[in-house]
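Numbering (the working numbering), first residue to last: 15 to 237.
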């Protein structure tokens, strides 16, 4: 009721972007069903968009999620975007383009405010906004108290989307780092690299082992 939905949102999907100066960029999709995490439904995307442009990456995520190719993925009752007007605007522009009419809101970190496009509201703009809401251009901003159960649920799913995105970003970055460091060593190809990582777990651990330990895995010449 507070966001203006027509029915109870049983399936909530939240999206977040994680990158470091545009590198190893990924996005996450987490799903809450009836208010609880549904981890088997989580999805992750490795970004094709270049450069540190969160808006472009959010648009890419929406396009790939709602392209119609994933017919086995259930559709959400509410889309939550980690971000404010810019991120929500980038996401809803793609949703409009694809003809997706699922309600969407943003949750801006700085002030923990809910952002919604006015034209997505089921009724016309209020003549007298409630005390906790205001209008900025094409958006309605809702500043619920931190004790609000509505806000707390949105924060919880937003934080989970952020955690999942950061975890995937770390995996992608570490995988690239391991490969690039070992690739600089003459005579170490993909097969040997795989043997080394399997035996020692990481490049950091590999740098601390003895020559004898290396020899036992890859032979004396490569060691």
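Glycine residues also receive a C-beta, built at the ideal position from the N, C-alpha and C atoms.
Checklist entry - Can residue 40 and residue 182 be called in contact, C-beta distance under 8 Å? => result The sequence position of residue 40 within the chain shown is 26, counting from 1. The sequence position of residue 182 within the chain shown is 168, counting from 1. It is a contact, given that the beta carbons lie within the stated cut-off.
Checklist entry - Where does residue 127 fall in DSSP's three states? => result Along the chain shown, one-based indexing puts residue 127 at 113. Three-state DSSP puts residue 127 in a strand.
Checklist entry - Taking the DSSP output, what are the residues bridged to residue 60? => result Position 46 of the chain shown, counted from the start, is the residue given in the question as residue 60. Beta-bridge pairing links residue 60 to 40.
Checklist entry - If we ignore side chains and look at the alpha-carbon of each, how far apart do residue 98 and residue 37 end up? => result The residue labelled residue 98 in the question sits at position 84 within the chain shown. The residue labelled residue 37 in the question sits at position 23 within the chain shown. The alpha-carbon atoms of residue 98 and residue 37 are separated by roughly 22 Å.
Checklist entry - By the 10 Å Cβ neighbour count, where 16 or more other Cβ atoms means buried, how is residue 27 classified, buried or exposed? => result Within the chain shown, numbered from 1, the residue matching residue 27 stands at position 13. The residue is buried, with at least 16 neighbouring Cβ atoms inside 10 Å.
Item to check | Element boundaries [beta strand (DSSP E), containing residue 93] | outcome: Translated into positions along the chain shown, residue 93 becomes position 79. Run containing residue 93: 92-96, per the beta strand (DSSP E) assignment.
Checklist entry - Excluding the five sequence neighbours on either side, which residues of its own chain have a C-beta within less than 7 Å of the C-beta of residue 139, listed in chain order? => result As a first step, residue 139 is located in the chain shown; it is residue number 125 there, counting from the start. Bear in mind that the predicted position of residue 139 carries a pLDDT of just 49, short of 50, making it unreliable; the figure below should be weighed with that in mind. So the qualifying residues of the chain are 132, 149.
Item to check | DSSP bridge partner residues for residue 31 (one or two, in chain order) | outcome: Working through the chain shown from its first residue, we reach residue 31 at position 17. 41.
Item to check | Assigned secondary structure, residue 65 (DSSP; H/G/I helix, E/B strand, else coil) | outcome: As a working mapping, residue 65 is identified with position 51 in the chain shown. Note: residue 65 maps to coil in three-state DSSP.
Next on the checklist: Tell me the DSSP secondary structure of residue 231 in three-state form.
Outcome noted: Translated into the one-based positions of the chain shown, residue 231 becomes position 217. Residue state, collapsed to three classes: helix.
Checklist entry - Who are residue 182's beta bridge partners in DSSP? => result Position 168 of the chain shown, counted from the first residue, corresponds to residue 182. Looking at the DSSP assignment, residue 182 forms no beta bridge with any residue, so it has no partner.
Next on the checklist: Can you confirm whether the region 197-210 touches the region 66-84 when touching is taken to mean that 3 or more C-beta pairs between the two stretches lie within less than 8 Å?
Outcome noted: no
Checklist entry - Is it buried or exposed for residue 118, if we count other Cβ within 10 angstroms and need 16 for buried? => result One-based indexing of the chain shown puts residue 118 at position 104. Its Cβ being crowded by 16 or more others within 10 Å, residue 118 is buried.
Item to check | Terminal residues of the beta strand (DSSP E) in which residue 147 lies | outcome: Sequence index remark: in the chain shown, residue 147 carries index 133 (1-based). Counting along the chain, the beta strand (DSSP E) containing residue 147 begins and ends at 147-150.
Next on the checklist: Considering only their Cβ atoms, is the gap separating residue 96 from residue 219 smaller than 8 Å?
Outcome noted: Sequence index remark: in the chain shown, residue 219 carries index 205 (1-based). Sequence index remark: in the chain shown, residue 96 carries index 82 (1-based). Contact flag unset, no.
Checklist entry - Between residue 223 and the rest of its own chain, which residues show a CB-CB distance below 7 Å, the 5 nearest in sequence each way excluded? => result Here residue 223 is taken as the residue at index 209 of the chain shown, counted from 1. For residue 223, where only same-chain residues beyond five positions count, the Cβ hits under 7 Å are 214.
Checklist entry - From residue 21 to residue 124, what does the alpha carbon distance come to, in whole angstroms? => result Position 7 of the chain shown holds residue 21. Position 110 of the chain shown holds residue 124. For residue 21 and residue 124, the distance between alpha carbons rounds to 29 Å.
Item to check | Proximity below 8 Å, CB of residue 128 to CB of residue 90 | outcome: Taking the first residue of the chain shown as position 1, residue 128 is located at position 114. Taking the first residue of the chain shown as position 1, residue 90 is located at position 76. For residue 128 and residue 90, no; Cβs fall outside 8 Å.
Checklist entry - At which residues does the beta strand (DSSP E) containing residue 100 begin and terminate? => result Looking up residue 100 in the chain shown gives position 86. Premise fails: residue 100 lies in the alpha helix (DSSP H), 99-112, not in any beta strand (DSSP E).
Next on the checklist: Using a 10 Å radius around the Cβ and a threshold of 16 neighbouring Cβ atoms, would you call residue 227 buried or exposed?
Outcome noted: In the chain shown, the residue the question calls residue 227 occupies position 213. Classification for residue 227: exposed.
Next on the checklist: Quick test of your reading: residue 100 and residue 69, contact by CB under 8 Å. State the CB separation rounded to the nearest angstrom.
Outcome noted: Within the chain shown, numbered from 1, the residue matching residue 100 stands at position 86. Within the chain shown, numbered from 1, the residue matching residue 69 stands at position 55. Confirmed, Cβ separation roughly 6 Å.
Item to check | For residue 51: DSSP bridge partner residues | outcome: On the chain shown, residue 51 is found 37 positions in, with the first residue counted as 1. 46.
Checklist entry - Any idea what DSSP makes of residue 190, helix, strand or coil? => result Here the question's residue 190 lines up with position 176 in the chain shown. Looking at residue 190 - three-state DSSP - the assignment turns out to be helix.
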